[in-house]
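For the working numbering, add 238 to where a residue sits in the sequence shown, where the first one is 1. Each residue gets a CB set at the ideal place from its N, CA and C atoms; glycine is no exception.
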Amino acid sequence: MTDEQANGQIGHNAGNFEDMAQYIIRTENLDEELRKKKSAHAADCRPLHQDKKQIIKDAYSEMGVPGDAIRAVVSVRELRRREAELLYGLKDDIRFFADNLLDTKALGQLGGTPLGDAAMVRDAQEQAAAASPPPPPAAENANPGA
């Protein structure tokens, strides 16, 4: 087989299968090491997760705050922190453009929802009406005394 024939074929430059097996074995060994580390990490985190669950239960029993509300607020606050970190890491001129793109008028927070779509239609209609010339004034009755 020539090089031209081999191009585009999977395994065209492969050695024998025994040599290739070393890559599989090395990958499996790393996967096993990752599984062990993840398991150890999960064990370390278990008490923290239990504390978090207890805090959410306490908030509900003592204040009547639903757990889903607490989890949602915590998630939104984390997203906002991450957004600020991402924007802060940008150069000033790029951050200016990113801020403008994130402006609710630029992308619309409700885009893709029925309310957002209705607002977009109304906005387009208003812009079209503003761009078209005004209708001629109504002709006054030529004979006002009649």
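Could you give the C-beta distance for residue i and residue j, rounded to a whole number, given that I count them as a contact under 8 Å?
i, j, result
"residue 325", "residue 336", "6 Å"
"residue 310", "residue 303", "Contact doesn't hold; Cβ gap of about 11 Å is too wide."
Could you give the distance in angstroms between the alpha-carbon of residue i and the alpha-carbon of residue j?
i, j, result
"residue 363", "residue 338", "24 Å"
"residue 316", "residue 270", "32 Å"
"residue 210", "residue 307", "Examination of residue 210 is not possible in this model, given that the chain is present from 239 through 384 alone."
"residue 294", "residue 369", "55 Å"
"residue 327", "residue 312", "23 Å"
"residue 333", "residue 366", "32 Å"
"residue 272", "residue 322", "32 Å"
"residue 351", "residue 340", "18 Å"
"residue 254", "residue 319", "52 Å"
"residue 268", "residue 274", "10 Å"
"residue 239", "residue 263", "Caution is warranted here: a pLDDT of 49 is assigned to residue 239, below 50, making its placement in the model unreliable, and the coordinate value is therefore given only provisionally. Using only the alpha carbons, I get a separation of about 30 Å."
Where in the stretch 241–312 do unbroken runs of the beta strand (DSSP E), each at least 3 residues long, occur, reported from the N-terminal end onward? none
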